[in-house]
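Residues in the sequence shown are numbered consecutively from 293, following this note's numbering.
Here's the structure, in structure tokens; my notes come after.
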Amino acid sequence: ARSTRALLLFAAQLHEMSSPASKKAKTEKPKNIHVSAHSLVSHKVTEMRKTGLSARDYRQLMKETTTLVMVEATHHLKHSNKIPINTDEEGQKQCRKGSSISERLAIVPLSRGGLGMTDAAMEMLPTTQVWHLGIEISPKHEPDEYYNRLPETVAVERVFILDPMLVSGRAAVRAIDILQVWGAGGKKPVQIELVALVATPEAIKLLSEKHPEIKVYVGMIDEDEEEPIMPSLGDVGHRLFNTC
């Protein structure tokens with residue numbers, strides 16, 4: 293009888309775990325986390341995971357994936373709809389009004405992995421400024437800043453941090469802390485957003501707890517509990533620059 297009750301309890305737990313409400317609770321993300329639903333993102337990340345991929349192909353795939361995620365991360369940028377433009381339509385010169393991004397922007401790739409996302413972001417935002425931060429995780433699992441090229445004068449309104457792979461999330465949290473202190477020196481606090489290609493649930497949880505005010509745009513979240521080392525893009529810096 294005892295074994296029967298245990299079996300029934302186990303069956304009830306399985307039913308609860310497989311129910312729509314349970315699945316929704318597991319996959320529900322904090323409001324500041326935006327996960328891409330684009331099929332090409334998961335396709336290209338899958339290609340990046342493969343062993344034997346050349347550094348050239350790895351860089352190209354990262355560039356393409358970054359473009360897809362950046363499209364979503366930039367959809368809310370402020371713009372002006374009163375930009376006069378001259379056009380030539382069927383031999384007739386016309387003067388129309390167009391649209392132009394009105395915000396002053398910057399991108400901050402976290403070295404070295406974030407460098408692989410820089411070209412895609414700059415091609416989308418050709419007038420953006422580019423600054424660099426170097427943050428590494430110490431043997432004690434603490435984020436250490438080893439390189440900082442932020443300008444003394446705050447001349448932008450919005451900054452996108454680029455970090456392809458969020459494993460623990462500690463480096464990203466440290467970068468946000470640094471930028472918030474730096475950005476407070478301007479006329480208005482700088483808006484900071486984070487763009488990543490893949491992340492673990494642990495990293496997302498940490499970012500939501502430490503910085504719920506920061507919008508995070510991520511290509512996909514690896515939720516495979518049987519693969520604790522996910523997200524597995526390999527050593528991004530080595531694979532980008534062929535130093536494996």
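Beta carbons are placed, not taken as given, at the ideal position from N, Cα and C, and that holds for glycine.
Looking at the unbroken beta strand (DSSP E) that takes in residue i, where does it start and where does it end?
{"i": "Ile506", "result": "That residue, Ile506, is in no beta strand (DSSP E); it is neither H nor E in DSSP."}
{"i": "Lys355", "result": "Counting along the chain, Lys355 falls outside any beta strand (DSSP E), though it belongs to the alpha helix (DSSP H) covering Ala347 to Ala365."}
{"i": "Lys385", "result": "Gln384 to Ile393"}
{"i": "Gly426", "result": "Leu425 to Ile429"}
{"i": "Arg450", "result": "Arg450 to Leu454"}
{"i": "Asp380", "result": "His371 to Glu381"}
{"i": "His326", "result": "Ile325 to Val327"}
{"i": "Asp436", "result": "Pro435 to Asn440"}
{"i": "Glu485", "result": "Gln483 to Ala491"}
{"i": "Ser524", "result": "Note, Ser524: premise wrong, no beta strand (DSSP E); not H, not E."}
{"i": "Ala398", "result": "Leu397 to Ser403"}
Do residue i and residue j have their C-beta atoms closer together than 8 Å?
{"i": "Ile399", "j": "Leu454", "result": "yes"}
{"i": "Lys355", "j": "Ala412", "result": "yes"}
{"i": "Pro456", "j": "Val528", "result": "yes"}
{"i": "Glu347", "j": "Arg531", "result": "Note that residue 347 is Ala in the sequence shown, not Glu. It is a contact, given that the beta carbons lie within the stated cut-off."}
{"i": "Thr357", "j": "Val333", "result": "yes"}
{"i": "Val327", "j": "Ile484", "result": "no"}
Nearest CA to the CA of residue i: which residue from the options?
{"i": "Ser500", "options": "Leu458, Val363 and Asn378", "result": "Leu458"}
{"i": "Thr420", "options": "Tyr438, Pro435, Ile393 and Glu428", "result": "Ile393"}
{"i": "Pro493", "options": "Leu442, Ser460, Glu485 and Pro443", "result": "Ser460"}
{"i": "Ala488", "options": "Arg531, Arg462 and Gly406", "result": "Gly406"}
{"i": "His371", "options": "Leu417, Thr359 and Thr343", "result": "Leu417"}
{"i": "Val490", "options": "Lys432, Met414 and Met340", "result": "Met340"}
{"i": "Leu442", "options": "Ser430, Glu415 and Gly477", "result": "Gly477"}
{"i": "Phe533", "options": "Lys321, Leu345 and Glu444", "result": "Leu345"}
Do residue i and the ligand FMN come close, with the Cβ less than 7 Å from some heavy atom?
{"i": "Phe452", "result": "This structure lacks the ligand FMN, and indeed carries no ligand of any kind."}
If you follow the alpha helix (DSSP H) that residue i is in, where does it begin and where does it stop?
{"i": "Glu415", "result": "Leu407 to Met416"}
{"i": "Thr338", "result": "Ser331 to Arg341"}
{"i": "Ala467", "result": "Arg462 to Gly475"}
{"i": "Leu532", "result": "Val528 to Phe533"}
I think residue i touches residue j, with their Cβ atoms under 8 Å apart; what is that distance to the nearest whole Å?
{"i": "Val361", "j": "Leu397", "result": "Incorrect: roughly 16 Å between the Cβ atoms, too far for contact."}
{"i": "Lys502", "j": "Val465", "result": "5 Å"}
{"i": "Gly408", "j": "Arg351", "result": "6 Å"}
{"i": "Val541", "j": "Leu525", "result": "Absent from the structure is residue 541, since the part of the chain shown begins at 293 and ends at 536."}
{"i": "Asn378", "j": "Ser391", "result": "That pair is no contact at about 15 Å."}
{"i": "Val446", "j": "Val473", "result": "Val446 to Val473, Cβ: 11 Å. No contact."}
{"i": "Ile325", "j": "Ile496", "result": "6 Å"}
{"i": "Leu369", "j": "Glu395", "result": "6 Å"}
{"i": "Pro504", "j": "Pro322", "result": "7 Å"}
Contact between the segment 387 to 407 and the segment 419 to 429 (3+ Cβ pairs under 8 Å): yes
Does the segment 435 to 450 come within contact of the segment 377 to 385, defined as at least 3 CB pairs closer than 8 Å? no
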